[in-house]
Every structure is written in C-alpha cells, then in structure tokens.
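Peer 1: Dropping a structure here in structure tokens format, bear with me for questions.
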Amino acid sequence: MPLVLTEEQEMLRESAHGFLETKAPVSALRKLRDAKDPDGFSRDLWKEMAEMGWAGILVSEEHGGADFGFVGAGVLAEEMGRTLTASPFLSTSILAATAFKKIGSDAQKQENLPKIAGGEALYALAVDETRKHGPAKIAMQAEKHGNGFKLSGDKTFVADGHVADKIIVAARSAGSAGETDGLTLFLVDAKAKGVSVERTAMIDSRNAARITFDGVEATGDDVLGEVDGGYMALEGVLNAGRAGLSAEMSGAAQQAFAMTVTYLKERKQFGTEIGTFQALQHRAAHLYSEIELVKSAVLKALQELDENYGMAGPICSLAKAKAGEVAKLASQEAVQMHGGIGMTDEYDVGFYMKRIRVAQEMFGDGSFHADRLAQMRGY
Amino acid sequence: MPLVLTEEQEMLRESAHGFLETKAPVSALRKLRDAKDPDGFSRDLWKEMAEMGWAGILVSEEHGGADFGFVGAGVLAEEMGRTLTASPFLSTSILAATAFKKIGSDAQKQENLPKIAGGEALYALAVDETRKHGPAKIAMQAEKHGNGFKLSGDKTFVADGHVADKIIVAARSAGSAGETDGLTLFLVDAKAKGVSVERTAMIDSRNAARITFDGVEATGDDVLGEVDGGYMALEGVLNAGRAGLSAEMSGAAQQAFAMTVTYLKERKQFGTEIGTFQALQHRAAHLYSEIELVKSAVLKALQELDENYGMAGPICSLAKAKAGEVAKLASQEAVQMHGGIGMTDEYDVGFYMKRIRVAQEMFGDGSFHADRLAQMRGY
Amino acid sequence: MSDLETFRAEARQWLEENCPEEMRDGAAGEENVCWGGKQWKFQSDAQKLWLDRMAEKGWTVPAWPKEYGGGGLSKEEVKVLKAEMRDLKCRSPLESFGIWMLGPALLKYGTHEQKAHFLPPIARGEIRWCQGYSEPNAGSDLASLQCKCEDKGDHWLINGQKIWTSYADKSDWIFVLVRTDPKATKHNGISFILIDMDQKGVTTKPIKLISGNSPFCETFFDDATAPKEYAPGVSAIVGEINRGWDVAKYLLTHEREMISGGAGSVGNAMSSRGMGQVAADEVGREEGGRLADPLLRGKIAQAEVDGWAFLLTLERMKDEAKAGQGVGANSSMLKYYGTEYNKRRFEILMDMGGSDELEWEGERTKDGKRARNWLRTKANSIEGGTSEVQLNIIAKRILELPGA
Amino acid sequence: MSDLETFRAEARQWLEENCPEEMRDGAAGEENVCWGGKQWKFQSDAQKLWLDRMAEKGWTVPAWPKEYGGGGLSKEEVKVLKAEMRDLKCRSPLESFGIWMLGPALLKYGTHEQKAHFLPPIARGEIRWCQGYSEPNAGSDLASLQCKCEDKGDHWLINGQKIWTSYADKSDWIFVLVRTDPKATKHNGISFILIDMDQKGVTTKPIKLISGNSPFCETFFDDATAPKEYAPGVSAIVGEINRGWDVAKYLLTHEREMISGGAGSVGNAMSSRGMGQVAADEVGREEGGRLADPLLRGKIAQAEVDGWAFLLTLERMKDEAKAGQGVGANSSMLKYYGTEYNKRRFEILMDMGGSDELEWEGERTKDGKRARNWLRTKANSIEGGTSEVQLNIIAKRILELPGA
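Residue numbers (full-length UniProt numbering), protein chains in the order written: chain A, 1 to 379; chain B, 1 to 379; chain C, 1 to 404; chain D, 1 to 404.
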C-alpha cells in the first residue's frame, strides 16, 4: 500500500477541512471555554458530523456507518487537530467503535454500532488509574459475583467520561497489578448504581472524568471480549486511540507551524520581517522536517491498523512517540517565535500548546512509547 | 572557597600556557603520530615537566613535590587539553600520585612519591575489563596464596600501560563481579612474571594497553590500602582521574571553540564572513554558554577534591558528564562549521574530536555519570 | 567587635523589637507581598505597621541615601540586614518597580531635585510605579518604539500605546520611554519621562495570558500630559532629552541581571529534593529503587546535570565579579541558559505529573497550579529580552562575531 | 504473460547463463566495486567477463538509449532487472561518476554528437570520470568558483584548482565547472567543460581525511587545455557557454537525491538487528533483559524512533513522487535529516562500542573500522551541500521565508 492518501481519502480531507474551518474553528473552542459549557463541545455540531458520516467513520455499512477505515478516521482526526475541534470523536467514534467492531459480540455490535454511527449515544474508555498511562498497572477489581461481576475501583483521565452514556472499563478479574493477564473489559451504563462521575476540566478546555466504581454489578452480557484475556483486546483499542491522537497532534502541529511561518513573514523587527533571520529560518526548516516525519509515521500507523490490525502495536507506538514530541516542539517554537503575543490568551497559539500537552499524555507519552518500542525490539 | 583561581593558580596557568604553546603544540602530537613513536609522548618533554614541578604537582613537598593540590593539577590538565599534549601526566601524576597519597602506606609513599615527582618512574592504573567502564564489574581474581596473592585476569584501556614501570591494578579478592565489596588494589611491577602488556594505539594517537595477568604473585606489601575494601579507595582515585580528564576536555573544548570562532571571522562565503550568519552565531553563542557551565563544574570538582576528598564523587561525576557531552558538541560543531577543511587530517580540528572521544569514554561517559548521579540522588 | 558586627547586633535587636509577629512567617508567596501605592489595601494592621516602621528607618530601601528616604547603608551592611531578616523570617516590608527599576535609574541619571521629589514616596510605599517600555510593534526591537511625546511649551503631550506594563491597573505613576524627536535616528530621539496616571488621557486594560490571568496590562496614552516640571527643578524627563535610550539600556541590563541572578528557581530545582525524587514520589519506583519510567529518568538525570552546572556557574560568575574578573555580557548568557533551563524543567515536571497535573480547575491541582506555572515559564525566554536577543548579544559582545 | 513478465523471464535466464559464479556473491563491499577506466586492474577474470557481457547488452546503464551504449529499457524494466539481479545476488558490473553524474548531465544537456562520443566508453567502463566542482575558497558558496577558462581560439586554457575531486588520481577525464566570463555576475559566466586528464597541465594530490585515507584529491590545472571540439560537433563544453550553472544545479539536485535516497544506511540501522540489539550484545543486559546502560538505552530508543520515522518518510516521498505529488525541495529535507541522523547513529555506535572501538590499529577492530566510519560520517553533512545549505533551501523554497 503506497504511503499516500487515495483519491477518496483526499476528498474526505478536503471536505472535512472546509467544514471544520467554517463550523468549528478555534474560536468555537474558545467560546465553549469562556461560556464554561458543561459538555465542552457542541451537541449540534456532533449531530451534523454524524449526518456527514463522521461519527460512524469506522462503522461498517451494515451497521449504518461510512466504513472508511482507520486512514479515514485519521484524516478526520488530523483536520480536527488543525482547528482544535472539540467533539466526542476520539472516545466514541474511534475507541468505542473499534472496541465493538473488533471484540464485540454480534448482539453488542447490533446494539451499539448503529448508535455510534447515528450520533445517538456517547461512549468513553476508562483505563488509567494513575497519573501515568500503563494498562498493565490496572488494579480495579472485577470480583466474581454469582453469574456476574462486581466492579470496584477508581479511573482517571477518562476522555469524555463526563458525557458518556456508556463506559467501557478495564478491570482486573484475575491476577494483580503489573500483570498483563487477568484483565477483562466491561460495558457499563454511566447511570448504573455505584458509578459516580466527576467531570474534570482539563487544561485544553476539553473535559475528562474521574470515575469511581463502587460495587457496580455487571453480567456476563456486559463483558466485551474474553474474561481474563482483555489485555490484548485493550491494546488493540488503545492502538487505534494512539493513532487517532497522533493524527490529531499531526494536524495541530501543522497548523501551529503554519501560523508561525505566516507570522515570520509578517512580523517586522529591526526593520525587516523576522523571517529573514537565519537562526529562525533554520529552526523553522528543522521543524518542517520533523513534521514531515510525523506525517509519515502517522499515515503508516493508520494504514497498518487497516491492514494488519493485530500487528499495529509497534507502528502505533512510533506514531504516538514521534507525533507527541514533535507537536510539543511545534507548539513551543510557535509561542517563542510569536514572542509576547504568543503568550496572550487572545491569540490562538496557546490553545495548541495546551491541547498538544493533553493529547501527548493520553495513552502514553513519548517516553512510554519509546520505551515500549525498545522492549518490543528486545533491548 | 570562591569559584575562581587564586593568584598562584592563575600564575601556574599562565606559565603552563606559554610553555605548552612553545614546547608541545598540536604539531608535536602530529609528529609523534606520524613517526609512529612507540612511546607516544616525548620523554624529554616529560623530564622538563618534572623539572618544573608538574610531575609532582600533587606530591607533598616532603616527598619532593610542588603540592599544588587538585586545582593546580587541573589547571595543568586544562592547558594540556588546549594543546593536546601527550604525556603520562594523568596516569602518573594524577592517578598514581593520588593513590599513594591517599591510601599508600608510609613505605609506599616514601618509595613512590619522590619517583613520581622526579619523573623517574611511570605508573598506570588498570581498572576496566570490558568495553564500558564500571569498577563494580571487575572480575579479575586475586586468589589468596600463602601470605600473598596470585593475580589472574585481563585489563583493557589502561592509559599509558604500554610504558608504565608499575601498574596499580584492581582485582577481586572476595565476592563476585557486580559487587562493590571484595576489591583490593595491588602495585605490580610491569616486568613481573606473568604480566604481559599489549600496546593499543588509540584513535587519539595516544596509547593504552591491554594487560594480561597470569598468576602474577603479589605479597602483602604490594597491597595498596585495605584488602577487600578497595572499592571506595579506587573510587577516590578514579574521581581524581575523572576531574583531571574533565579539566583536559574543558581545555580541549575551549580551544576547539576558539579555533571555530576564529574561522567564523575569517572564512568568507557568499561574499561575507560566515560568522555573520545568524544561525551559526546562535549555535556558537549556545556552545559558549555550555562551555561556561563546564568550566564551573570542573573547577568545583577540583576544589572539592582538595577540600572534601571523600565527598567529591557526585561533583566529579557532574564534571565528567558535563565536560564529556559539551566537549563532544564543541568538536562536532568545530568540524561542521569548518566544513570540508575540518574533515582533513592536515587541519588540527580532527585531533580534538579524537582526543575528546577517548577522554569522555575513559572512567565513565556521560550516560554512566548521569546515571550515577541519579542513583546518588535516590531515583 | 568590628563595626559590621556591631551593626549586626543592633539590626537584629531592632528587628526583633519592631517586626510584628505576623510578619515573621517568612511567607514568600506572591500573595503576601506588600506593593504599596494609593490603591493599596493592607492585608493586616501588622503589614502597615511593619512598612511604616521599616520606612521610617529607611530600610525599605536600605542602600539608598538617607536624604532620599533610604537607610544609607553600605553594601556589607545591607547584606547583614538581609541575612538577619532571613534568619528571623521577616517578610520584605515593601516591593515595587519603583524600588527595583525607577529608583536605580533616578539615582544614576536623576538630578538632586528629582531624587528628592520622587524617591521618598517610593521608599515609604506611597506611590506605586509601573514601567512603560514595550509597544505592540516594538518587541525585541525596543528602540523602534513610536509612542509620541510633543513639546507643548509648558508641558509634554503624549500619544501612543504601551504593552506588558505590569500592574499598570494598580499603579499611580508610570515611567515611560517616548519618542521626543521623530526625525532622529532610531536610538536617538527617545526620552525617559515620568507620568502621573491619574488623568483622563491614561487608561489601562489587563492582558490575559495563556496561563490565566496576569499582572500585565496595555496602557493607552490619548493626549496625556506631563508638565515640563513637577516642581522647581523637578523635570518630568530623567536624563537628557532625546538621550533616554541610555537610561533604558542601563535598566535593561539591570533587569537582565535581576532575572539571571534570580534564577533561584533553578536553585530550588537542585535543592535537597530534586526533580528525580519528586518524580519517584509521583510516578513510583521499580524494584531496585529506580524511577519506574526509565526514559523519563534519563531526561531528569541529564537535566539535573545541566541544572547543577548552571547553578555553579551562577556562583562562579558572582565570585568572579567579586574578584573583579568576569565579562559583563555574561548576564545575557545566564539569562538565556537559566530561562531555557527553567522551561525544560517545567516540561519535565509536567511529564512526571502526567494526567494528574492536566486538570485546570479544582482543589486537587489548586486550579492547575503546576500547569499554569508551566505555561508561565514560556514567557521567561521572551520577557526581559528574548533568548534570541541574548544569543545575539553573546555573539556580538563576547564572541565578537562580525555583523552580530 | 504481460510484456514485463516476459522481460523478467528472459532477463533472469540471461543473467543465470551469463553471470559468472564468482560475481554472484552479492558482495556489496566497497572493495569489490568495479570502477573501470584505463588504470583499472580487474580483480579477476570473472569481473572482466561480467563487465564485458553486461556492457555488450547495454545493461551497465540499462536505462540509457541503445545508441549511446545503454540498454534502452523502460523504468519498469530497469526495476525488474535490478530485482532479478538482487535475487540472484549478482554484483553490479560497473559503478562510476560517469554513470551517476556525467551521463545524466549529458543526456539532459548534451548534443547528439557529445552523447555518441562520450557515453559509450562510460557504459563499457573504458573511461573513468571524476567531478571537479568545489574549490578551496568556494565551499557552500559553489557559484563563487574561480577556476579560469580562457578562449584561445581553437582551444580553451584552464588555470585553477579544484578540491574534493573523488578518485581524481584514478580517473581519466574530469568534468569541471569553470569561469568562462569573469565579468559576468556570479551565477553567470560559468561553463561545464570536459577535460582529458592525460596532459601535463593537470595534476592531482590525494587528501587525507581525519578518518585516515580518502578517495578525495586536490586537482590542479596549470595551463591545462581542451580543444574547442573533440571531434566534429563534439564541443568540450556541455550546454551553452556561460550557462554551466544550470547543468551544475541539475547535477546538485541529482546528487542530493542520490544521497538522500541512498540514506539506506538508515535502513540498515532499522533492519532486523537494530542498534539496541547490537548494544545489548556489546554492552550486556540487566536482569530482566533491558540494556545494562539505562541512559544509553534511552538514547537508542529515541534515535530508533527518529530513524524509523525517517525511513517511512523516504518511502512516503517515493510514493508521493510516483503519485505525481510531493515537493521537489524535499530532497534537501531528506539530505539534511538523513545525514544528521547518520552522524547521530554513529555517535551512539561509538558510545556502545566503548573502549573496544577506540583502537585505531590492529586486527581486533580491523584497524579501527567503526571509529573511521564514525569520523567519516562527519563529512555527510558537509559534502553534497552542507546541512546549513539544505536548511536554507527548505526555508527558501518550501517555507518561502523572506530573504532566505
């Protein structure tokens, strides 16, 4: 598969680009933030996205989706990264859709995928319990209880957990924290008894949640995939999320860089455009190169998820590590090269810096994924 | 103690500077190399240095030395670094002198320190057995044998081992590789039965040796310091060596940088001195800053060795880590900014790159020492 | 007993007797600083008492001459006084841009009449000053400033805009760089003028930073005025007319030195509880005791190498200055390295903080304190001369590279 | 069967029948390359036989037109041929600057007569060419070259010096950039001329690099000559007189693309046995299997992230080019990143090699092979346009920054 977008994917990008620039520019996020919107995104916009087939971008046509695959989802994520569009796209349309598609039972697919595609229900994935990502660290208990389970434990950094109707949660049905064996995924109703959701307003003006499960009952039907064997299934879903976040960061980095280059051409100091200063030129040229590397790694990760889902772990780690580091650099250079104005809330550059910080942390930062690659490569 | 040289130390520096520029410039090293000199340094020059009190710079006046302390020794090492002077200064005047001074018996001091000060005997310290430094990794056996020991094992990267009259060697009289307990230091005659020395010509046109000990007999009188308790004693000597190497690298980095700045002012491209290009200016200014940090760390390490010898481990690690990394950067920038001419053997810059590579590797590179600092600081 | 020891004993006794108990909590927090000025609301009677007592002794500005409201102390005595205050955990009685910036400028460039008129109210905390330097179109290129100041016979007429005027909305007076000769070449034609902000022609507007609120304002001058003389011999302009750039340069160097000297944040980083231990507490350890995140550990270890070496460099530069050695332009090097290091340190602190430190609101993170501090550090390498400007200065003044 | 598959089958059969066994060792080592030329000593009869047979078929330069000694193959056929040769482990029959550089230049800028005269001997390995571009005072600023070429009626008179002429001492002819109009502005007045080195006026002197010996020479022209025409219609000058800069630019881009495309060394780095595993073998592992040197491990992990992403970028750029997308100036980006990465990789290889790889002589290190390779990589970011020049090109052509 050549490392370029197909014509169809290119068209998707162009239409997404146009739509988001009009309907969901950075100013929309700013407005949500300033209004202290409790959802943190526009439900109307989400409805429109669903109508365009974005919510179900990964969902097969049989379940009412557009079935564009991970490359298509990545194209959307990248464009949303450019405009910093707030939406439940990652949690519902990438994470949950992947989970149901890859490990859901027929009944679960039937029940949930059409709702995703239709924008009718919102989902969240609850994995982490500590400040740093690490699925093997999961300690939350799924105690056997009659025919079912009782779930108890605390989850943090659950993206869109504050609005989710259903929560996919990873808990330990066997073994102990640190082990990969013994994890099980459950689908839990957010309103179920024992579930308490605390919205956490994050630095990027998006929202996550800390969720406490206090003896929440789950039946066998609520299990997603295999009991005790959820680690690899979870990894698959996380990889999709990592690739999606990488695509988003790629878009954010490209946009922050584009704003910087424009500024370099316009801003005058010492009687000339600051873009004439060679030290800034070289830093910009270096950053350009780094962003090109990000684009390659991200596209390859998305393609691999489409073609070779079970083997996509390493390339998704690559994309997440590289995109995270470069996007951070892009946002730092953007602020520094803009100077004082880049530090003001009035200017958009800071929004990029904040979103990138959150996105690079979610599901493993650069250190996590470089370390993981080293382990995979046997050293 | 203020972080500046005393008047006396400043005078030492000036006289060393003048002497070395005349007697031991880089061209002298080049000549030794091209002549394939088997010693790799000039014995006549060493005699002169001894006469000036350099060989015995650490040796107390009672033993015929100049007793200038570690700061004095570092001043000389730094100046030798500027001119890449080849001499047994590190091995004999820093490592061996420190060893005798700090852990030698009265008899050993009486016997060896005057010889060091007089330039009459050469010494070498044999520590490492593998490609990467690590005293705890020592596996060489010191088997109890009657009242004495039988030494068996292989040492590598023994600076000046090819010319040493006596070798201070660290071997394991108890415990096993990986443990810090159980090491003992011995003073062995290079001509003793069972010692075989292979000269290794190094990339910096200096020489080291691989030394094999095959059942070499040592008596109790040959033990330096305590039996089985040699690790901390060895660490002390190594710290002195690390500080000395750091001072040498500081000098080498400063000189390579000075050559680069001069070249930036002279070389013309595109109708102007290349020093007018802002990208090069900023890189040079950054390197200037880094070198200033090196100078501070090195001076503090030398002062600490003088004032607080037993506690100097962390600061010596700092100096070695910082000096090694910055000196590498200085040599890399020197070659790159000189362009093609910097790649030619005819030009001196390559000599600096090579010497710095060796010096930063000896007794632990940047990774080793940063890791060691992290351990010392409890993480 | 030497004179200095006598002074120490006396100072200590006076402090013990006069510093109210509440002012001896060593509180360094920004929220406890007394800034003075007409708008100032004292947080407690003790705060007012402490200011009044110290001002009376001249010890709010102990190094200034007594005739201008200072303590007339020698450098050594000032050091002793500060040491004793630290020892007794006395709060600073007063901080202000008048003390830090305008005072030094007036002491160097002002006339006796100007000093006598303006300095005592600063020392007593009665008048709060702010600084009007930057303009929206003159960032790093400060000398290209456009704020216009016209000679109207008995008064000056000022029109223009300043940006990054810290606490302008809380200040009474402002010292401003203005262009008095629009025809002169860039660095000429600039004057340093003192303006009373209590007039219709001066308005301010706060600037919100990416980290949330900020002390910064925009300040607008619309037909603002200043008399030629505030009192006989008390010119509104400090130094010569059209030679204000000299005053500005002096204050910029002064500011850079304060920032690089105050790179004490780096010092905190290398204090007993370093980044590595904080990380170990937050992220956890592997068996064997090493930080659980091996690549993060490497980043921290390398940063601590640089941080420690930088601290030693601050120490060395101080010692060199004392010994009469050293290079003046090294303040640029310290400013550059210190601020870049501080940014790097906060990147690492955010790395180790993970998702816990990404919450912008709420008790747990004290409303995102670490994140806001992290964002705030991004300005370190912009304010007081960007890193790029510092590197230019090093290239020019220290390395003497051509065309720099 | 498609035409291409027919071609594949035929090519394979021919190769199987005609490639001598000794030439099927897939030996890629530099020491096994056949360079051709008048001074060439074949290493074996098989090497000569293989060259002759391939030259006869035109397959030393399979894409060149048949009339000029090439194979006349289409792009797709060339790919198939290379694939079959790789599959059978056939050595390349001939490599040379004539094939890589002069050939493409002549094919694009030469006349029919020039092509017919010069290309076939290149294809047959009879004439070895070298390249005379750089001069001691014109490094990155190539266009400031001074080598003088005067019109003497029936011949050209050349005086000047070239540097970095690879293998000049082993070559027969040289293609040279010379100044034919000293009065023209810098980029004008340059011509691209072909000179027979077998004359008194041309001498060469090898350059020793910091890594030891090197293929590079200095080449001196002292009243060297070239006739106006080597044969009827065969001008010594390629392209128009005084328009040689066009040819030079074309070849520089071509060279950059070769270098960045040949960033295969990065590919090797990411092949099955990566740096990390080499390091584990050399440095050892901790219990648990991680590399024994934790900070080195982190450096390698981060480098492998960049190396892999770079490889994918090479792939993507190729695919974009195929799809008719892509930015031409990206060859500068690839050249910049690839060479800088290669330097970094060798720094790490030296780190992991430790003292064992610091021996300059002796069997153990094959006379310091890794160290010499490490030193050699330092030229990567200088030759073929420095990293700084590539960054300038990116800033100018891709980012379109002002004044770049």
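Each residue gets a CB set at the ideal place from its N, CA and C atoms; glycine is no exception.
Nothing here was measured: the structure is a model prediction, and the numbers come from that model.
How long is the line joining the alpha carbons of residue 360(C) and residue 372(C), rounded to whole angstroms?
Peer 2: Each residue's alpha carbon lies about 8 Å from the other.
Peer 1: Please list the residues of the region 280-299 of chain A that have a C-beta atom closer than 9 Å to any C-beta atom in chain B, keeping them in chain order.
Peer 2: Of all residues in the region 280-299 of chain A, 280, 281, 282, 283 have a Cβ within less than 9 Å of some Cβ in chain B.
Peer 1: Identify which residue in 115(B), 310(B), 319(B), 311(B) has its Cα closest to the Cα of residue 312(C).
Peer 2: For the residues 115(B), 310(B), 319(B), 311(B), the minimum Cα distance to residue 312(C) belongs to 319(B).
Peer 1: I need the DSSP call for residue 39(D), collapsed to helix, strand or coil.
Peer 2: DSSP places residue 39(D) in coil when its eight states are reduced to three.
Peer 1: Any C-beta of chain A within less than 9 Å: which residues of the region 326-337 of chain C qualify?
Peer 2: Those would be none; no residue qualifies.
Peer 1: Could you pull out every unbroken beta strand (DSSP E) segment of at least 3 residues lying fully inside the region 203-269 of chain D, listed in chain order?
Peer 2: 216-227, 229-231, all fully within the region 203-269 of chain D.
Peer 1: With a threshold of 7 Å on Cβ separation, who are the neighbours of residue 74(A) within its own chain once the five nearest residues in sequence on each side are excluded?
Peer 2: Here the set comprises 243, 244, 247, 298, 302.
Peer 1: Within 8 Å of any Cβ in chain A, is that where the Cβ of residue 277(B) sits?
Peer 2: It does; some Cβ of chain A falls within 8 Å.
Peer 1: Using CA coordinates, which residue listed in 294(C), 247(C), 354(C), 328(C) is at the minimum distance from residue 360(A)?
Peer 2: Ranking 294(C), 247(C), 354(C), 328(C) by Cα distance to residue 360(A) puts 354(C) first.
Peer 1: Along the chain, where does the beta strand (DSSP E) that runs through residue 125(A) open and close?
Peer 2: 123-126 is the span of the beta strand (DSSP E), which, as asked, contains residue 125(A).
Peer 1: Can you find the residues in the same chain that come closer than 8 Å, C-beta to C-beta, to residue 258(C), ignoring five residues on each side of it along the sequence?
Peer 2: Taken in chain order, the residues that qualify are 100.
Peer 1: Since residue 316(B) is in the alpha helix (DSSP H), which residue starts that stretch and which ends it?
Peer 2: Unbroken alpha helix (DSSP H) run through residue 316(B): 313-338.
Peer 1: Considering only the alpha carbon of each residue, which of 335(A), 372(A), 377(A) lies closest to residue 374(C)?
Peer 2: Residue 335(A) is the option with its Cα nearest to residue 374(C).
Peer 1: Write down every uninterrupted run of the alpha helix (DSSP H) in the region 57-92 of chain B whose length is 4 residues or greater and which is fully enclosed by it, in chain order.
Peer 2: Correct list: 69-83.
Peer 1: Name the two residues that bound the continuous beta strand (DSSP E) containing residue 177(D).
Peer 2: Unbroken beta strand (DSSP E) run through residue 177(D): 173-179.
Peer 1: Does residue 304(C) get closer than 8 Å to chain B when you measure Cβ to Cβ?
Peer 2: For residue 304(C), the answer is yes, since a Cβ of chain B falls inside 8 Å of its Cβ.
Peer 1: Taking 8 Å as the threshold (C-beta atoms), are residue 351(D) and residue 365(B) in contact?
Peer 2: Yes, they are a contact pair.
Peer 1: Does the pairing of the region 220-237 of chain C with the region 150-164 of chain C give three or more beta-carbon distances under 8 Å?
Peer 2: Because the criterion of three Cβ pairs below 8 Å is met, the region 220-237 of chain C and the region 150-164 of chain C touch.
Peer 1: Can you list the residues of chain A that residue 402(D) reaches, using a CB-CB cut of under 7 Å?
Peer 2: Under the 7 Å cutoff, chain A gives 265, 273, 275, 276.
Peer 1: So, are the CB atoms of residue 76(B) and residue 96(B) less than 8 Å apart?
Peer 2: Taking 8 Å as the Cβ cut-off, residue 76(B) and residue 96(B) do not qualify as a contacting pair.
Peer 1: Within the region 99-165 of chain B, note down every full beta strand (DSSP E) run reaching 3 residues or more, in order along the chain.
Peer 2: Correct list: 123-126, 141-145, 148-159.
Peer 1: Answer yes if the region 204-219 of chain C comes into contact with the region 337-351 of chain A, meaning at least three C-beta pairs across the two stretches below 8 Å, and no otherwise.
Peer 2: Short answer: they touch.
Peer 1: Measure the beta-carbon distance from residue 130(B) to residue 210(B) and round it to whole angstroms, keeping in mind my assumption that it falls under 8 Å.
Peer 2: That pair is no contact at about 12 Å.
Peer 1: Going by CA-CA distance only, name the one from 203(D), 276(D), 75(D) that's closest to residue 346(D).
Peer 2: Answer by Cα proximity: 276(D).
Peer 1: At what residues does the beta strand (DSSP E) containing residue 162(C) begin and finish?
Peer 2: Here the beta strand (DSSP E) through residue 162(C) covers 155-166.
Peer 1: Ignoring anything shorter than 4 residues, give me the alpha helix (DSSP H) runs that lie fully in the region 39-108 of chain C, in order along the chain.
Peer 2: Fully enclosed alpha helix (DSSP H) runs of 4 or longer: 45-57, 75-87.
Peer 1: From the DSSP output, which residues share a beta bridge with residue 19(B)?
Peer 2: Answer by DSSP bridge pairing: none, since residue 19(B) is not bridged.
Peer 1: Going straight from the alpha carbon of residue 334(C) to that of residue 4(B), what length do you get?
Peer 2: So the two alpha carbons sit approximately 17 Å from each other.
Peer 1: I want to know whether the region 211-225 of chain B touches the region 166-185 of chain B - three or more CB-CB distances under 8 Å.
Peer 2: Output reads yes: the region 166-185 of chain B touches the region 211-225 of chain B.
Peer 1: So does the region 278-293 of chain D actually touch the region 126-139 of chain D, counting three or more Cβ pairs closer than 8 Å?
Peer 2: Too few Cβ pairs lie closer than 8 Å, so no.
Peer 1: The alpha helix (DSSP H) spanning residue 142(D) covers which residue range?
Peer 2: Residue 142(D) -> no alpha helix (DSSP H), and no H or E assigned at all.
Peer 1: When the Cα of residue 204(A) is compared with those of 40(A), 123(A), 78(A), which residue comes out closest?
Peer 2: It is 40(A) whose Cα lies nearest to the Cα of residue 204(A).
Peer 1: Mark residue 256(D) as exposed unless 16 or more other C-beta atoms lie within 10 angstroms of its C-beta, in which case mark it buried.
Peer 2: Its Cβ being crowded by 16 or more others within 10 Å, residue 256(D) is buried.
Peer 1: If you reduce the DSSP assignment to three classes, tell me which class residue 13(C) lands in.
Peer 2: The answer is helix: DSSP assigns residue 13(C) an H, G or I state.
Peer 1: How big is the Cα-Cα spacing for residue 143(B) and residue 128(B)?
Peer 2: C-alpha separation (whole angstroms): 19 Å.
Peer 1: When Cβ atoms are compared, which residues of the region 271-305 of chain C fall closer than 8 Å to chain D?
Peer 2: Within the region 271-305 of chain C, the qualifying residues are 290, 294, 295, 297, 298, 299, 301, 302.
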